[in-house]
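Contents: one structure, followed by commentary.
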Amino acid sequence: MKINPANSNKRDLHELFVSAILPRPIAFVSTIGKDGVFNLAPFSFFIPLCLEPAIVGLGIGWRRDGQKKDTLRNIEYSKDFVVNIVTETLAEAMNQASAEYPSGVDEFREVGLTPVKADLVKAPMVAESPVSIECKLIQILKFGEIPTGSHVVIGEVVQAHIRDELWSGDHIEVTKLKAIGRLGGDLYCRTTDTFEMKRISII
Ligand SMILES: Cc1cc2nc3c(=O)[nH]c(=O)nc-3n(C[C@H](O)[C@H](O)[C@H](O)COP(=O)(O)O)c2cc1C
Numbered sequence: 750m751k752i753n754p755a756n757s758n759k760r761d762l763h764e765l766f767v768s769a770i771l772p773r774p775i776a777f778v779s780t781i782g783k784d785g786v787f788n789l790a791p792f793s794f795f796i797p798l799c800l801e802p803a804i805v806g807l808g809i810g811w812r813r814d815g816q817k818k819d820t821l822r823n824i825e826y827s828k829d830f831v832v833n834i835v836t837e838t839l840a841e842a843m844n845q846a847s848a849e850y851p852s853g854v855d856e857f858r859e860v861g862l863t864p865v866k867a868d869l870v871k872a873p874m875v876a877e878s879p880v881s882i883e884c885k886l887i888q889i890l891k892f893g894e895i896p897t898g899s900h901v902v903i904g905e906v907v908q909a910h911i912r913d914e915l916w917s918g919d920h921i922e923v924t925k926l927k928a929i930g931r932l933g934g935d936l937y938c939r940t941t942d943t944f945e946m947k948r949i950s951i952i
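All residue numbers for the sequence shown refer to this note's numbering, where the first residue is 750 and numbers rise by one.
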């Protein structure tokens, strides 16, 4: 089996991305619209890209009706967003927030989560998430055509909030964080089944 994006159908390519490139972290992205309404949606085409400056990237596709997703529209307006980390206890709410609510619906209220004011951006944070990362928009790159194309949103991390009980001296206690990851289909994974391997150094 070979997949060449130039002549493969988009379903096979999607399958490659979601079922071979995994587990993917899930950015639970909170934003504010120009009407002042808060929005929440999960994105697993999400990646940390650079430490200096601290840059993350999001891949945001089109809605089925060919309209922009609210998250993208809001980021274009406020020029910022917050990435909230999804834990096992937030999984249900995250899944609920992935439904295509009409624009103008406060998805915090719909899924029963609490918005908290961020320090440096207009977008709200999710109080129930133990790690929230405030980001300012650097650039939006548009690729392809509606509806198979996408937008790559590049943001700079300007402030991160980590619950104190997770921070142990110099590191985050991953086993306490209990973040979840995205696999293909409807599958997710936990981050509690880990193994350790020391880095090899060649002298
Ligand atoms: C776990 C998960 C990951 C998702 N990842 C993405 C993604 O990376 N890009 C994307 O465009 N949509 C993704 N979606 C779908 C969006 O969450 C969905 O389209 C949502 O309705 C967008 O909401 P909005 O219009 O409020 O921005 C994902 C859904 C789930 C459940």
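From the three backbone atoms N, C-alpha and C, an ideal C-beta is built for every residue, glycine too. Keep in mind that this is a model prediction, so the values were computed, not measured.
Residue range 899 to 911 is occupied by the beta strand (DSSP E) that includes residue 905.
Between residue 829 and residue 871, the CB-CB gap stays under 8 angstroms.
Under the DSSP assignment, residue 926 falls in the alpha helix (DSSP H) whose first and last residues are 923 to 926.
In the structure shown, the three-state DSSP call for residue 857 is helix. The segment 782 to 794 makes contact with the segment 829 to 846, as at least three CB pairs between them are under 8 angstroms. Residue 948 carries a coil assignment under DSSP once its states are collapsed to helix, strand and coil.
Taking C-beta separations shorter than 6 angstroms and ignoring five residues to either side along the sequence, the partners of residue 783 in its chain run 826, following chain order.
Excluding residues up to 5 positions away in sequence, 941 lie with their Cβ nearer than 7 angstroms to the Cβ of residue 924 in the same chain. Relative to ligand 1, residue 793 has its C-beta within less than 7 angstroms of a heavy atom. Bounds of the alpha helix (DSSP H) holding residue 767 are 759 to 769. DSSP assignment within the segment 760 to 848 yields the following whole alpha helix (DSSP H) runs of 4 residues or more, N-terminal first: 819 to 827 and 840 to 846. For residue 883, the pairing in a beta bridge is given by DSSP as 831 and 908.
At a Cβ-Cβ threshold of 8 angstroms, residue 920 and residue 874 do not count as neighbours.
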